[in-house]
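First to last, the sequence lines map onto chains F and E. Here the UniProt record's numbering is used: position 223 in the first sequence is 223, and no number is missing along the way. Here the UniProt record's numbering is used: position 87 in the second sequence is 87, and no number is missing along the way. Glycine residues also receive a C-beta, built at the ideal position from the N, C-alpha and C atoms. Computed from a predicted structure; not experimentally measured. Notes to accompany the following structure.
2 protein chains.
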Amino acid sequence: MARPTMEDVAARAGVSRALVSLVMRNSPKVSDHRRAAVRAAAAELGYEPHVMARSLASRTSTVLGVMVSDLRNAFFAEVVEGLDAAAQAAGFDLVLNTGGRSPSRERRALRSLLSFRPAGVVLLSPVIPASAIEEASRQCPVVLVSRTSRASTVDTVNDDGEAGAALAVDHLVSLGHRCIAHLDGGGAATAAARRRGYLRGIRRHGLEPLVVRSEHTDTAGEKAVRELLGTNGPVPTAVLAGNDFNAVGAISAFEDAGLRVPGDVSVVGYDNTSLAALRHVSLTTVDQPRSEMGRLAVEALLERVRGERAEPVRHQLHPSLVVRSTTAAPDPEQAEET
Amino acid sequence: MARPTMEDVAARAGVSRALVSLVMRNSPKVSDHRRAAVRAAAAELGYEPHVMARSLASRTSTVLGVMVSDLRNAFFAEVVEGLDAAAQAAGFDLVLNTGGRSPSRERRALRSLLSFRPAGVVLLSPVIPASAIEEASRQCPVVLVSRTSRASTVDTVNDDGEAGAALAVDHLVSLGHRCIAHLDGGGAATAAARRRGYLRGIRRHGLEPLVVRSEHTDTAGEKAVRELLGTNGPVPTAVLAGNDFNAVGAISAFEDAGLRVPGDVSVVGYDNTSLAALRHVSLTTVDQPRSEMGRLAVEALLERVRGERAEPVRHQLHPSLVVRSTTAAPDPEQAEET
DNA sequence: CGTATTGATTAGAGCGCTCTAATCTTGTAT
DNA sequence: ATACAAGATTAGAGCGCTCTAATCAATACG
């Protein structure tokens with residue numbers, strides 16, 4: 001298992017270690033003759049440079065640390081795919097951790113990532129306090145995805161949740177809905193913007209807002225809808241869920257209660273995860289360009305690494321509405337009742 | 001951004017670099033007095049050891065390379081969570097890559113992982129040829145998840161797909177089904193075992209097998225069912241899909257054709273991904289213990305690393321059936337027709 | 001024919017750490 | 001006091017690489 005070193009290659013090719021180093025880094029100042037000899041020797045030995053040794057010697061890193069709060073959430077998994085694609089293209093590698101939405105675990109995970117002296121760190125929807133993030137940003141560039149920051153040392157990549165939620169409201173209103181509820185994402189980092197967008201949209205159309213506190217899970221969505229149906233207030237003809245999972249839970253609860261989606265009630269999700277795209281679910285939802293977000297996060301990091309930029313950048317991506325089969329014009333009868 | 005080194009801590013604490021090294025590694029042979037001084041100095045400077053330098057000097061690695069063919073597939077994402085948990089517990093970090101089911105990309109990804117001189121490598125359902133895997137296993141321990149191998153240098157972690165599929169068939173038969181089709185997973189690594197289990201189960205009950213070629217995606221599941229319904233052969237009263245995605249696609253197609261699940265036709269998935277657990281989907285499926293698989297993969301690697309074992313280990317996990325709402329006794333009328 | 005000049009190659013120090021072997025302190029027995 | 005373990009501390013080499021500065025070879029020029 002002892003792999004060959006640069007020294008071995010040098011000996012075999014009959015040159016110095018330094019020359020092998022130049023060849024491995026594709027330096028132009030090597031004669032074709034020697035280059036070929038080194039290449040051949042390396043191939044015969046199956047030699048590949050040791051990234052850690054390289055990193056140590058060159059005082060640079062090709063590692064990007066990634067802390068993902070929960071990989072099981074398809075949204076994050078897809079952002080990670082985007083990160084990976086961009087990183088591979090730029091010759092970087094990802095060191096990945098999960099934080100499980102627990103501040104202490106996240107702190108440990110972040111510490112672990114930083115001990116690699118990475119070129120940069122991506123935090124996907126972290127729950128640790130801003131101070132911990134700023135502290136990390138003193139060690140290397142940090143970019144936040146799905147979380148905002150005011151620190152001038154950290155970049156952010158978010159979708160414009162306010163615009164996205166407003167988009168969904170506009171869609172529902174244009175279908176004829178007048179009573180539209182929002183299942184709030186509770187403590188989730190993205191929840192506040194979505195709620196603001198919902199409220200803004202509703203008020204612009206002169207309607208009454210109805211916000212039900214929930215969470216970004218399907219069971220929470222179910223529970224919220226049960227509560228909604230249990231009150232003696234008006235039953236909305238449409239619901240904007242906090243995210244896709246929440247929406248799917250809401251749909252379940254409606255169907256359990258004998259209401260058809262979209263016949264009796266329309267449901268809109270948020271994120272456009274692969275779940276929403278399944279024909280069986282076919283959820284109308286707001287798309288966040290996830291791989292694009294991953295790409296931008298890597299790009300932001302590399303700009304800092306290369307010293308091309310010192311001021312923070314706040315990427316705010318334009319969400320778009322994806323209309324599928326869970327929204328339709330409201331049932332005329334029911335609409336009259338309201 | 002220049003982080004403190006061991007030298008800085010040593011100077012501040014008034015001791016040698018070697019002593020700081022001992023403290024950082026929790027060596028017992030350091031006096032309490034000095035230990036406290038070093039700890040204090042490290043804390044004041046915000047010092048954390050540089051894992052790469054440590055790795056280089058100690059000739060050991062705390063890195064585990066992970067190549068995942070597709071993170072978007074919840075199954076893999078969940079195995080990665082299991083890997084992460086086990087790795088963190090053992091003080092290891094994951095370097096993660098995706099191969100996108102493309103042999104050339106996978107090769108590159110694997111090469112990239114190996115250049116870290118990792119303690120071991122986990123390959124999740126790789127598509128590269130066995131020879132490439134064996135070659136890698138000469139560099140460091142390799143464990144395969146969801147793929148088999150005969151090489152004595154590589155370990156494997158798989159569920160017993162044959163048993164799992166047979167389990168599903170038994171369940172359907174016990175409900176009274178006599179005509180049970182299987183949507184084959186096509187080229188997927190796990191497909192063959194599942195097909196074998198299906199055939200074995202079907203024959204043991206003296207039934208006629210009906211295998212439809214498909215893929216492990218929801219669109220393929222839909223397509224396969226459309227084909228099934230288009231033929232003038234018997235329409236099965238139950239279907240064992242290749243995996244959960246495939247099952248969800250199949251359900252869509254049945255419902256589009258006016259058949260109710262499970263009223264007219266029962267559907268069983270495979271994997272028990274989070275998708276299946278969603279109440280809205282509530283799919284009867286065969287559970288693979290994903291995080292356990294991740295844990296076992298890490299364990300196998302560490303056993304090799306510690307030299308505790310040289311012979312290959314073939315973990316074959318017992319799948320279990322999770323009965324939800326997509327299976328029921330067949331409609332008596334339709335059963336008579338058959 | 002000597003001397004710049006350019007391009008190709010290499011020696012050697014050093015990245016931040018670990019690890020072995022040597023050195024320095026103690027405490028204890030004599 | 002004196003010797004000697006046992007424990008605590010440190011010097012120094014080295015992990016596999018990069019990078020600067022120096023060396024060497026080959027051509028060009030007056």
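Pick helix, strand or coil for G120 of chain F, following the three-state DSSP scheme. Strand at G120 of chain F.
Show which residues of chain F have a CB atom less than 8 Å away from the CB atom of P49 of chain E. Those are S115, listed as they occur along chain F.
Fully enclosed by the segment 137-188 of chain F, which beta strand (DSSP E) runs are 3 residues long or longer? As summarised for the segment 137-188 of chain F, the continuous beta strand (DSSP E) elements at least 3 residues long and confined to that stretch are 142-145, 154-159 and 180-184, given in chain order.
Here's the rule I'm using: 16 or more other beta-carbon atoms within 10 Å means buried, otherwise exposed. How should G161 of chain F be labelled? With 16 or more neighbouring CB atoms inside 10 Å of its own CB, G161 of chain F falls in the buried class.
For E336 of chain E, which residues from the same chain have a beta carbon less than 7 Å from its beta carbon, with the 5 sequence-adjacent residues on both sides left out? With a pLDDT of only 45 at E336 of chain E, under the threshold of 50, the placement of this residue in the model should not be trusted; the figure read from the coordinates follows. So no residue of the chain qualifies.
Mind pulling the chain F residues with CB within less than 8 Å of A74 of chain E? Correct list: R72, A74 and A77.
Thinking just about the alpha-carbon of each residue, which of E:L64, E:P4, E:L71 and E:F75 is nearest to the one in E44 of chain E? Residue E:P4 is the option with its Cα nearest to E44 of chain E.
Let me see if you follow: with CB-CB separation under 8 Å, is A81 of chain F close to chain E or not? Note that residue 81 of chain F is Glu in the sequence shown here, rather than Ala. With respect to chain E, the C-beta atom of E81 of chain F has a partner C-beta closer than 8 Å.
Apart from the five residues on each side of it in sequence, which residues of its chain come closer than 6 Å, Cβ to Cβ, to V157 of chain F? Excluding sequence neighbours, V157 of chain F sits near V145, M293, L296, A297 and H315.
Shorter than 8 Å from the beta carbon of D271 of chain F to some beta carbon of chain E? Among the CB atoms of chain E, none fall inside 8 Å of the CB of D271 of chain F.
Measuring CA to CA, which of F:D84, F:A277, F:V211 and F:D70 is closest to S69 of chain E? Looking at the Cα atoms, F:D84 is the closest of the given residues.
When DSSP builds the beta bridges, which residues end up paired with V286 of chain E? Paired residue(s): E:Y270 and E:L321.
Are the Cβ atoms of A89 of chain F and L64 of chain F separated by less than 8 Å? No, the pair does not count as a contact, with Cβ atoms beyond the cut-off.
Nearest-angstrom beta carbon gap, M52 of chain F and M52 of chain E [assumed within contact, 8 Å]: About 4 Å separates the two Cβ atoms, so the contact holds.
By the three-class DSSP mapping on this structure, what secondary structure does residue 382 of chain E have? Residue 382 of chain E is absent from the structure shown; chain E starts at 1 and stops at 338.
Counted within 10 angstroms of its Cβ, other Cβ atoms place A241 of chain F as buried (16 or more) or exposed: Answer is buried; the Cβ neighbour count reaches 16.
Taking R279 of chain F as the query, report the chain E residues whose CB atoms sit under 7 Å from its CB, ordered along the chain. In chain order: D218, E222, G249 and S252.
Mind listing the chain E neighbours of A53 of chain F? Cutoff is C-beta to C-beta under 7 Å, in chain order. Correct list: L56.
Note down, in chain order, each residue of its chain lying with its Cβ closer than 6 Å to the Cβ of D159 of chain F, except the 5 sequence neighbours on either side. Within the same chain, Cβ atoms closer than 6 Å to the Cβ of D159 of chain F are found at Q288, L317 and P319, the five residues on either side in sequence being excluded.
Nearest chain E C-beta to R111 of chain F closer than 8 Å, yes or no? Yes, contact with chain E.
Examine the Cβ distances between the segment 161-181 of chain E and the segment 199-211 of chain E and report whether three or more of them are shorter than 8 Å. Proximity of the segment 161-181 of chain E to the segment 199-211 of chain E meets the contact definition, three or more beta-carbon pairs being nearer than 8 Å.
Start and end of the beta strand (DSSP E) containing D93 of chain E? Note, D93 of chain E: beta strand (DSSP E), D93 to T98.
When the Cβ atoms of the segment 95-114 of chain F are set against those of the segment 97-115 of chain E, are three or more pairs found closer than 8 Å? A contact between stretches requires three or more CB pairs, one per stretch, nearer than 8 Å, and the segment 95-114 of chain F fails this requirement with the segment 97-115 of chain E.
Mind the definition here: the segment 258-271 of chain E touches the segment 299-313 of chain F only if three or more C-beta pairs lie below 8 Å; say whether that holds. Result no; under three Cβ-Cβ pairs closer than 8 Å.
For chain E, find out if any of its Cβ atoms is closer than 8 Å to the Cβ of Q139 of chain F; answer yes or no. So, interface residue.
Which of helix, strand or coil DSSP assigns to E337 of chain F: Residue confidence is low: E337 of chain F scores 45 on pLDDT, short of 50, so the model does not pin down where it sits. Its coordinate-derived value is still stated next. Of the three classes helix, strand and coil, the one that applies to E337 of chain F here is helix, per DSSP.
Using the beta-carbon count (16 or more within 10 Å), is G221 of chain E buried or exposed? Under a 10 Å Cβ-count criterion, G221 of chain E is classified as buried, with 16 or more other Cβ atoms of the shown protein chains found around its own Cβ.
Contact residues within the segment 92-105 of chain F, judged by C-beta distance below 8 Å to chain E: Within the segment 92-105 of chain F, the qualifying residues are D93, L94, V95, L96, N97 and T98.
Using the Cα positions of V235 of chain F and L183 of chain F, report the straight-line distance between them to the nearest angstrom. One C-alpha to the other measures close to 13 Å.
Would you verify that the beta carbon of D84 of chain F is, or is not, closer than 8 Å to some beta carbon of chain E? Contact with chain E is found for D84 of chain F, since one of that chain's Cβ atoms lies less than 8 Å from the residue's Cβ.
Tell me the DSSP secondary structure of H315 of chain E in three-state form. For H315 of chain E, the three-state secondary structure derived from DSSP is strand.
Contacting residues, own chain, Cβ-Cβ under 7 Å from R195 of chain F (five flanking each side not counted): Excluding sequence positions up to five before and after R195 of chain F, its CB lies within less than 7 Å of the CB of H182, D184 and V211, all in the same chain and listed in chain order.
Under 8 Å between the Cβ atoms of L19 of chain E and K29 of chain E? The Cβ atoms of L19 of chain E and K29 of chain E lie no closer than 8 Å to each other.
Can you tell me whether R34 of chain F is helix, strand or coil according to DSSP? Three-state result, R34 of chain F: helix.
Close beta carbons around T153 of chain E, own chain, < 6 Å, minus the five adjacent residues each side: Sequence-distant partners of T153 of chain E (beyond 5 residues in either direction) whose C-beta falls short of 6 Å from its own C-beta, in its chain, are S137.
Could you check where the alpha helix (DSSP H) with G201 of chain E kicks off and where it finishes? Per DSSP, the unbroken alpha helix (DSSP H) holding G201 of chain E starts and ends at A191 to R204.
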